[in-house]
Amino acid sequence: MSKITFLGGGSFGSALAVLLAEKNHIVSIYDRDENVVNEINLKRTNEKYMKDLRFPKGVTAFNSIEEAIDGTDYIVLAVPSHVIRKMCIALKGRIPASIPIISIAKGIEEDSDKRLSVVIEEELENPVVILSGPSHAEEVVMKLPTTIVSTSKDMHFAATVQDLFMTPYFRVYTNDDIIGVEVGGAVKNVIALAAGVIDGLGYGDNTKAALLTRGMKEISRVGIALGGRAETFYGLTGMGDLIVTCTSMHSRNRRAGLLIGKGMSLEEALKEIGMVVEGVKACRAFYQLKEKIGISMPITDGLYKGLFESKNAKSIVDELMNRDKKSELF
Numbered sequence: 004m005s006k007i008t009f010l011g012g013g014s015f016g017s018a019l020a021v022l023l024a025e026k027n028h029i030v031s032i033y034d035r036d037e038n039v040v041n042e043i044n045l046k047r048t049n050e051k052y053m054k055d056l057r058f059p060k061g062v063t064a065f066n067s068i069e070e071a072i073d074g075t076d077y078i079v080l081a082v083p084s085h086v087i088r089k090m091c092i093a094l095k096g097r098i099p100a101s102i103p104i105i106s107i108a109k110g111i112e113e114d115s116d117k118r119l120s121v122v123i124e125e126e127l128e129n130p131v132v133i134l135s136g137p138s139h140a141e142e143v144v145m146k147l148p149t150t151i152v153s154t155s156k157d158m159h160f161a162a163t164v165q166d167l168f169m170t171p172y173f174r175v176y177t178n179d180d181i182i183g184v185e186v187g188g189a190v191k192n193v194i195a196l197a198a199g200v201i202d203g204l205g206y207g208d209n210t211k212a213a214l215l216t217r218g219m220k221e222i223s224r225v226g227i228a229l230g231g232r233a234e235t236f237y238g239l240t241g242m243g244d245l246i247v248t249c250t251s252m253h254s255r256n257r258r259a260g261l262l263i264g265k266g267m268s269l270e271e272a273l274k275e276i277g278m279v280v281e282g283v284k285a286c287r288a289f290y291q292l293k294e295k296i297g298i299s300m301p302i303t304d305g306l307y308k309g310l311f312e313s314k315n316a317k318s319i320v321d322e323l324m325n326r327d328k329k330s331e332l333f
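Residue 4 is where the sequence shown starts when you use my numbering, and the numbers rise one by one after that.
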């Protein structure tokens with residue numbers, strides 16, 4: 004039995020908290036929203052993020068980070084990518100360096116273009132483990148078969164976290180390509196947002212297949228340029244995550260894109276979703292990063308123009324379809 008602290012009471016963190024509590028671990032959840040904390044402790048629910056979830060015994064929520072992390076063995080960063088550094092700064096001097104930090108966020112830090120594991124390492128001396136892969140919280144709570152990846156610079160910790168989360172319905176693989184795992188999980192949010200846009204425009208299966216396939220080319224292109232391995236992007240954190248986020252209504256990125264494709268502004272779509280849509284920040288970050296490393300990402304380019312330059316979505320698709328001829332392999 005271990006104690007695991009989740010910093011952030013969102014949907015995926017809540018789903019994993021239930022999973023671990025049902026394995027008889029002690030789970031604490033920190034959230035800054037007092038209403039979320041009270042609801043978890045008094046009603047055993049979290050309606051703000053997950054409608055059909057009930058917390059078992061062994062889960063306690065706190066408004067205080069100090070109380071939540073007291074005596075913990077693992078810390079899970081269950082906050083959006085843009086909050087990761089701030090949360091790590093809040094942990095400085097409060098935890099032993101031996102406690103593994105597990106991140107379940109997917110993205111890169113805007114402006115710095117740093118992977119989240121790098122951001123964590125800059126602020127804390129603890130071992131860092133990244134969990135990523137095709138894993139909608141709604142289906143994890145339903146105990147539907149799910150597979151994810153655990154990665155770290157020190158694979159001993161990746162294997163330890165693999166054991167911690169493994170259940171008959173939640174299978175965890177290891178992969179020592181931490182760069183590839185993180186990049187795949189971040190860029191697929193951009194492609195998923197674009198997938199929602201084409202759905203909103205009324206395009207069909209042919210268009211979706213083209214987007215996923217050429218989107219995977221962009222994921223692997225940027226990932227390899229940053230030091231990842233090609234085979235990683237055809238695994239769970241690349242192709243697997245891309246499929247699930249581009250096709251499911253559980254995906255906030257796809258749902259936001261769908262609303263934009265139907266005519267909403269970016270601001271209106273984000274307000275309607277009501278939760279962080281990681282693909283928006285990731286689009287801006289990778290649009291800037293691709294220029295620095297000198298690679299082509301035409302889907303990302305087009306999405307950026309639609310999100311931040313108010314370009315018509317239909318005209319963007321037309322431009323993508325009418326570019327100069329080229330080989331599929333490049």
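All residues carry an ideal CB built from backbone N, CA and C; glycine is no exception. Given the structure is predicted, the values throughout are model-derived calculations rather than measurements.
Cβ distance (whole Å) where S106 is taken to contact I87 below 8 Å: Numbered from its first residue, the sequence shown carries residue 106 at position 103. Numbered from its first residue, the sequence shown carries residue 87 at position 84. With a Cβ gap of about 7 Å, S106 and I87 count as contacting.
Supposed contact pair S153 and T177 - C-beta distance, whole angstroms, cut 8 Å: On the sequence shown, residue 177 is found 174 positions in, with the first residue counted as 1. On the sequence shown, residue 153 is found 150 positions in, with the first residue counted as 1. That belief holds up - the Cβ atoms of T177 and S153 are roughly 5 Å apart, short of 8 Å.
Beta-carbon proximity check, G16 vs A81, cutoff 8 Å: Locating residue 16 in the sequence shown gives position 13, where the first residue counts as 1. Locating residue 81 in the sequence shown gives position 78, where the first residue counts as 1. Contact: yes.
Quick one: Cα of V132 to Cα of A288, how far? Within the sequence shown, residue 132 is the residue found at index 129, counting from 1. Within the sequence shown, residue 288 is the residue found at index 285, counting from 1. Going by the C-alpha atoms only, they are around 22 Å apart.
Per DSSP, what kind of secondary structure is A100 in: helix, strand or coil? By one-based count along the sequence shown, residue 100 stands at place 97. Coil, per DSSP.
Can you tell me whether M4 is buried or exposed? The criterion is at least 16 other CB atoms within 10 Å of its CB, across all chains shown. Within the sequence shown, numbered from 1, the residue matching residue 4 stands at position 1. Classification of M4: exposed, given that the 10 Å Cβ count is below 16.
If you compare alpha carbons, which of A195, G183 and Y206 is closest to R232? As a first step, residue 232 is located in the sequence shown; it is residue number 229 there, counting from the start. Of the candidates A195, G183 and Y206, the one whose C-alpha sits nearest the C-alpha of R232 is G183.
What is the rounded straight-line gap between the Cα of N325 and the Cα of D179? Along the sequence shown, read from residue 1 onward, the residue named residue 325 stands at position 322. Along the sequence shown, read from residue 1 onward, the residue named residue 179 stands at position 176. Taking the straight line joining both Cα atoms gives about 39 Å.
Any idea which residues DSSP pairs S135 with across the strands? Looking up residue 135 in the sequence shown gives position 132. In the DSSP output, where bridge partners are listed per residue, S135 has V152.
Where does the unbroken alpha helix (DSSP H) through I108 begin, and where does it stop? If you number the sequence shown from 1, residue 108 lands on position 105. Checking the sequence shown, residue 108 turns out to be Ala, not Ile. Taken as a continuous stretch (DSSP letters only), A108 belongs to no alpha helix (DSSP H), as it is neither H nor E.
Pull up the CB-CB distance for S84 and K109, whole angstroms please, since I reckon it's below 8 Å. As a working mapping, residue 84 is identified with position 81 in the sequence shown. As a working mapping, residue 109 is identified with position 106 in the sequence shown. Confirmed, Cβ separation roughly 7 Å.
Go through its chain and collect everything with a Cβ distance to I227's Cβ below 7 Å, but skip five positions before and after it. Along the sequence shown, read from residue 1 onward, the residue named residue 227 stands at position 224. Taken in chain order, the residues that qualify are A233.
To the nearest angstrom, report how far apart L310 and L269 are at their CA atoms. If you number the sequence shown from 1, residue 310 lands on position 307. If you number the sequence shown from 1, residue 269 lands on position 266. Roughly 6 Å separates the two Cα atoms.
Whole runs of the beta strand (DSSP E) within the segment 52-80, excluding any shorter than 3 residues: 62-65 and 77-80
Is there at least one Cβ from chain C nearer than 8 Å to I92's Cβ? Protein chains in the displayed structure number just one, and chain C is not present.
If you pair each beta-carbon of the segment 207-227 with each one of the segment 185-194, do three or more pairs fall below 8 Å? yes
Would Q120 be called buried (16 or more neighbouring beta carbons within 10 Å of its own) or exposed? Residue mapping note: residue 120 aligns to position 117 of the sequence shown, counting from 1. The question names Gln, but residue 120 in the sequence shown is Ser. Under this definition S120 is a buried residue.
Meets three-Cβ-pair contact criterion under 8 Å: the segment 252-263 and the segment 197-205: yes
Helix, strand or coil, according to DSSP, for F173 in the structure here? Sequence index remark: in the sequence shown, residue 173 carries index 170 (1-based). Reduced to three states, the DSSP call for F173 is strand.
Spatial neighbours of G61 within its chain, please: C-beta separation below 8 Å, excluding the five flanking residues on both sides. As a working note, residue 61 is residue 58 in the sequence shown. Excluding sequence neighbours, G61 sits near A24, N27, H28, I29 and V30.
By a C-beta neighbour count over all protein chains shown, 10 Å radius and 16 as the cutoff for buried, is T216 buried or exposed? Position 213 of the sequence shown, counting from 1, holds the residue named residue 216. It counts as exposed.
Which value, in whole angstroms, describes the spacing of the CA atoms of I78 and N49? If you number the sequence shown from 1, residue 78 lands on position 75. If you number the sequence shown from 1, residue 49 lands on position 46. Their backbone Cα atoms lie some 20 Å apart in a straight line.
As a quick exercise: from N256, P301 and Q291, pick the residue whose alpha carbon is nearest that of K274. The residue given as residue 274 occupies position 271 in the sequence shown. Nearest of N256, P301 and Q291 to K274, Cα basis: N256.
I need the DSSP call for K6, collapsed to helix, strand or coil. As a first step, residue 6 is located in the sequence shown; it is residue number 3 there, counting from the start. Strand at K6.
Three-state secondary structure assigned by DSSP to I29: Position 26 of the sequence shown, counting from 1, holds the residue named residue 29. Note: I29 maps to strand in three-state DSSP.
Would you tell me roughly how many angstroms separate the C-alpha atoms of V279 and A285, rounded to the nearest one? Looking up residue 279 in the sequence shown gives position 276. Looking up residue 285 in the sequence shown gives position 282. Going from the Cα of V279 to the Cα of A285 covers about 12 Å.
Residue ranges of each alpha helix (DSSP H) within the segment 197-224, 4 or longer: none
Determine the DSSP secondary structure at N49, reduced to helix, strand or coil. The sequence position of residue 49 within the sequence shown is 46, counting from 1. N49: strand per DSSP, three-state reduction.
What are the start and end residues of the alpha helix (DSSP H) that includes A93? Within the sequence shown, numbered from 1, the residue matching residue 93 stands at position 90. Note, A93: alpha helix (DSSP H), I87 to L94.
With DSSP as the reference, label R232 as helix, strand or coil. Taking the sequence shown and counting its residues from 1, one reaches residue 232 at position 229. If DSSP states are grouped into helix, strand and coil, R232 belongs with coil.
List the endpoints of the continuous alpha helix (DSSP H) containing F15. Translated into positions along the sequence shown, residue 15 becomes position 12. Start and end: S14 to A24.
Cβ neighbour criterion (16 or more within 10 Å) applied to K145: Taking the sequence shown and counting its residues from 1, one reaches residue 145 at position 142. Checking the sequence shown, residue 145 turns out to be Met, not Lys. Classification of M145: exposed, given that the 10 Å Cβ count is below 16.
Rounded to whole angstroms, what's the CA-CA distance from D304 to L239? Just pull it up for me. Counting from 1 along the sequence shown, the entry for residue 304 is found at position 301. Counting from 1 along the sequence shown, the entry for residue 239 is found at position 236. Roughly 25 Å between the two C-alpha positions.
Nearest residue (CA-CA) to M242, options H253, M267, A212 and E271: By one-based count along the sequence shown, residue 242 stands at place 239. Nearest option by C-alpha distance: A212.
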